[in-house]
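Written out below as structure tokens is the structure these notes cover.
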Amino acid sequence: FPKGRSSSLMIRVIRGARTQGEERGVIQRECAAIRAQFRQADNGTRSHNLAKLLYVHMLGYPAHFGQMECVRLIASPRYNEKRVGYLGAMMLLDEKQDASLLITNSIKNDLSHSSQYVQSLALCTLGCMGSAEMCRDLAPEIDRLLRASNSYIKKKAALCAVHIVRKVPELGELFTPASRSLLSEKNHGVLHGAVVLITELCERNPETLEQFRKAVPELVQIMKGLVMSGYSPEHNVAGISDPFLQVRILRLLRILGRNNETASDAVNDLLAQVATNTDSSKTAGSAVLYETVLTVMDIKSESGLRVLAVNILGRFLLNNDRNIRYISMTSLQKIVQTDHNAVQRHRGTIVDCLKDQDASVKRRALELSLALVSAVNIRSLMKELLLFLSSCPPELRAHTTSGIFNAAERYAPSQRWHIDTILHVLTTAGGDVRDETVPNLIQLITTATELHCYTVHKLYRALIADISVQSLVQVACWCIGEYGDLLLRGECEETEPVQVAEDDVLDALETVLQSHMSSPATRGFALTATMKLSTRITHNVDRIRSIVSIYGSCIDVELQQRAVEYNALFKKYDHMRAAVLERMPVIDKSSPGHTNGESAGGSIKEMEPTKRTQEVFSYLDMKYRLDAPLDHVTRPGKTLGPNYRLFMTFVSHSHPPQSVQLQMKAPSGDVIPAHGLGQVTQTVLLNNPNKVSLKMRVRVCYTSQDFVCQDTVQIDSFPSPAW
Amino acid sequence: MMYFLLLLSRQGKLRLQKWFTPVTEREKKVTREMTLMVLARPPHSCNFLLWRDLKIVYKRYASLYFCCGLEDQDNELLTLEVLQRYVELLDKYFGNVCELDIIFNFEKKAYFILDEFLVGGEILETSKTAVGIAMEEAETLQEVTHTQSLKCDTCPNISICFFCSLNRQWRSI
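Chains as they are written, first to last, in my numbering: chain A, 3 to 725; chain B, 15 to 187.
Shown next, in the form of structure tokens:
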């Protein structure tokens, strides 16, 4: 075809392609034809070939070879060619392309064209894709058009100026005088553009903002005119007169009234009027009310007006339209800290929204509910949150669990409630909790000393019911290992005791050890728990011995290592076993206090230094792992003396206060000669960045004349210059 | 401001794309992820969602999804009205707009109508009639200059192209 197919024909052919491959083929042929046409002299087909290329581009195929064509067409004297050329420029030439600079001159010329439609093309294109350089170049032209032209051009020039200011903020000063006078225009298009431009100028320059505060009365007048005017067919949308303009004016008033008493006072009446008179049965009215509420809450409004605004949001919460419920919650979220009590009044409705089918609404309701948790409502609200968790969409589970844990930590009415809540979460959604949950729960359990029996019963029951949830199984194993004796006693105050034998408990742990569902970490927990039970049970210690020795050849290196160590504990170091596997003490953890409703003093990371001293490590936090013993100690004829070797390692999963770090170096030797003839030193490095007061207990085990001895030393204070 | 406006078919094919901010081809492809989210929404869902840190507002009209990305201060409810207004403008211009209209006339009508309504991501004209008048006058100018340059593709006459472009025959495909 000498001219190429018409664009409609080409589109028809492309749509007729039955496969992706066929489509690609068609496109390739068409593009080749288009390229060929471009190379020829001007034959009047350029514009429609470019149009075809733009269609191809929209389908996702490369079209960069059309860029220069855009430049040529823009320079054409014919309107239809310019039009397609400018359209092409907006689609193919963004400011990152070099070719975009080439159109600057054409734009400049077209800005002064005799036809307003040509001027309009130039303005539109500059306003959509003008680079900073182009903007600098052409800004004076735009300013001229802002002042002296018809409405059609003025409104386009205004938005073009907005784009320029976004690209080159310093140029804002240039447009300030002209934009002020535009506020007296009657044409809504121009007025709207002016308000957008002024908003942009005020947001970027505080001095300009100061200047435009003087325009507040004028803006109020314009707004009043819109609200009180009768039906205007040209601007009416569902009973509201030009909602687009109303919303922009409200937004500008918000910026001008923020942090300024005078400006805020001046708009109080207007806002009250809009809030009461606007019909919100349709979206247009709701949009205006929404913007009004945002403005009221952001400026220094009278308290009566604020209450009115929150009530509007409350009404929105009950609206049938999901969109309205959604934006109501986003707005309430913004004010939940500053107007906490007002928002609390709507808690019931917000919690109901947790049950909405829509994912967006659910998400908003969750955020807001979490923000509304307080000491007063914790019990009832947690019930709702747990209910929500059992049916919540997968993408929200992790967020919900961490929100629940935070709330529980801050407001738990009792330790038992706290433990129960965490266990409930682990049972429902244990796969979606963060890693710290396990150690945090363990720490909590140790502090609830009166509840050890209750806790181990609960966890035992959970374990025999289901071993698939790793976090739950890990905590259960730890508890059983630690408090198994309480389980076996067969009595419990807080709950129905179980009647189990030692074998049953060991069966449960072995099931975890052997299950393919158990992760390596979980199996580690189970093995350690089994080992700990060796000092808490009486009859079945041999069974434990055999489990431990079997796992000494386990293929998992971590388990194997543990098993070997525990084996050693049974064999050569049996005398130490009871001490090593003793009950853990309460683990302290300083936690930040930060409750809802109070103004946030700072981020979670700020922690007040605790006045009481903390034990850095109690000796029980350290499990001794003893290396192979030295035989030469007992060789006769040699100087006998105590010898020791001391390594420390963490076998349990509790850890010292976060801020302090310990590092132990190798001892200088392993034999201390008798009669004070020498010494062995071992360096321990402590990093204490928060300079907490420290106490340290050190236990030394050594052999002396075939007797194993141990000695404990407590260091109550470190010399203060040490930190 | 609106960062972009996309029109998609039910199958996810792009029918119109307007970017109000410079975006690389790769970034444009990334928005594919967002469009899939939108297309997957059940009917009667909330029309707002969050994607990355953008507010997305979408509305379905017949077989076309209109999606736009907003910045934080933008009013979502008003944006629904903006989309509604655009559809009404298309409707007024094509008379009973359908997806095929947009496909076959994209380079002429849909973008030009858009450019008389939104510029730089902001509303240019709030009056429906004013947009209509501008479109008609621009079209007249276009056809006058068009007829001066080419023979019409669809009919043998040079001077009645204006009517050909209103001709609905190919709409039956």
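Note that the Cβ used here is the ideal one computed from N, Cα and C, for glycine as well.
Check	Outcome
Are the CB atoms of alanine 76 of chain B and glutamate 113 of chain B within a distance shorter than 8 Å?	yes
How far does the alpha helix (DSSP H) with glutamine 516 of chain A in it extend, from its first residue to its last?	504-516
Flag this pair as yes or no: are the beta carbons of arginine 253 of chain A and isoleucine 301 of chain A separated by less than 8 Å?	no
Using a cut-off of 8 Å between C-beta atoms, extract the partners of lysine 357 of chain A located in chain B.	Neighbours of lysine 357 of chain A on chain B: none; closest Cβ ~15 Å, over 8 Å.
Going by C-alpha to C-alpha distance, which of A:Ala431, A:Glu560, A:Ile329 sits closest to serine 521 of chain A?	A:Glu560
Which residues in chain B have a C-beta closer than 8 Å to the C-beta of proline 245 of chain A? List them in chain order.	Leu92, Glu95
What is the DSSP secondary structure of cysteine 494 of chain A, reduced to helix, strand or coil?	coil
Give me the Cα-Cα distance between proline 235 of chain A and valine 145 of chain B, rounded to the nearest whole angstrom.	14 Å
On a Cα-Cα basis, can you pick out the residue from A:Ser108, A:Phe177, A:Val120 that is closest to alanine 141 of chain A?	A:Phe177
Straight-line CA distance for methionine 384 of chain A to serine 473 of chain A?	21 Å
So if I threshold CB-CB distances at 8 Å, which residues from the segment 171-198 of chain A count as touching chain B?	His190, Gly191, His194, Gly195, Val198
For glutamate 356 of chain A, does the three-state DSSP call read helix, strand or coil?	Before going further, note that residue 356 of chain A is leucine rather than glutamate in the sequence given. DSSP places leucine 356 of chain A in helix when its eight states are reduced to three.
Between aspartate 271 of chain A and threonine 294 of chain A, what straight-line distance do the alpha-carbon atoms span, to the nearest angstrom?	12 Å
Could you say if the segment 68-85 of chain B and the segment 275-288 of chain A meet the contact criterion of at least three C-beta pairs nearer than 8 Å?	no
Under 9 Å between beta-carbons, which chain A residues line up against alanine 54 of chain B? List them in chain order, please.	Under the 9 Å cutoff, chain A gives no residues; its nearest Cβ is about 10 Å from alanine 54 of chain B.
Is the closest heavy atom of the ligand SAH to the C-beta of alanine 163 of chain A under 7 Å?	The model depicted lacks the ligand SAH and carries no ligand whatsoever.
Might you give, ordered along the chain, the residues of its own chain that have their beta carbon closer than 6 Å to the beta carbon of glycine 316 of chain A, omitting 5 neighbours on each side?	His348
Shorter than 8 Å from the beta carbon of cysteine 33 of chain A to some beta carbon of chain B?	no
Just the C-alpha distance for asparagine 262 of chain A and threonine 210 of chain A, rounded to the nearest angstrom, thanks.	15 Å
Quick one, which of A:Asp354, A:Met299, A:Leu307 has its alpha-carbon nearest glutamine 335 of chain A's?	A:Met299
Which ranges does the alpha helix (DSSP H) cover as unbroken runs of at least 4 residues, wholly within the segment 405-485 of chain A, from first to last along the chain?	417-431, 439-449, 454-467
Drop a sphere of 10 angstroms on the beta-carbon of serine 416 of chain A, count the other beta-carbons inside from all chains shown, and report buried for 16 or more, exposed for fewer.	exposed
Could you say which of A:Cys481, A:Asp544, A:Tyr568 lies nearest to serine 555 of chain A if we only look at CA atoms?	A:Tyr568
Ignoring anything shorter than 4 residues or poking outside the segment 244-314 of chain A, list the alpha helix (DSSP H) runs there in chain order.	245-259, 263-279, 285-300
Mind listing the chain A neighbours of glycine 83 of chain B? Cutoff is C-beta to C-beta under 8 Å, in chain order.	Neighbours of glycine 83 of chain B on chain A: none; closest Cβ ~15 Å, over 8 Å.
Among the residues of its own chain, which have a CB less than 7 Å from the CB of threonine 448 of chain A, if the five just before and after it don't count?	Met586, Val588, Ile589
Using a Cβ-Cβ cut-off of less than 7 Å, give me the residues of the segment 428-443 of chain A that come near chain B, in sequence order.	none
Can you check whether the C-beta of valine 133 of chain B is within less than 8 Å of a C-beta belonging to chain A?	yes
Based on DSSP bridge pairs, tell me the residues matched to glutamate 136 of chain B.	B:Val133
Quick check: the Cα distance between threonine 430 of chain A and cysteine 455 of chain A, rounded to an integer number of angstroms?	23 Å
Spatial neighbours of serine 330 of chain A within its chain, please: C-beta separation below 6 Å, excluding the five flanking residues on both sides.	Leu315, Phe318, Leu319
Output yes or no for whether 8 Å exceeds the beta carbon distance between leucine 387 of chain A and isoleucine 406 of chain A.	yes
Please compile the residues from chain B whose C-beta is within a distance smaller than 9 Å of the C-beta of glutamate 289 of chain A.	Checking the sequence, you will find alanine at residue 289 of chain A rather than glutamate. Those are Asn89, Glu90, Leu91, Leu92, Thr93, Leu94, Glu95, listed as they occur along chain B.
What residue range is occupied by the uninterrupted beta strand (DSSP E) comprising lysine 73 of chain B?	68-75
Does the beta carbon of cysteine 60 of chain B come closer than 8 Å to any beta carbon on chain A?	yes
Within a Cβ cutoff of 8 Å, which residues of the same chain sit near serine 303 of chain A, ignoring the five residues on either side of it in sequence?	Ser266, Asn270, Leu273, Ala311
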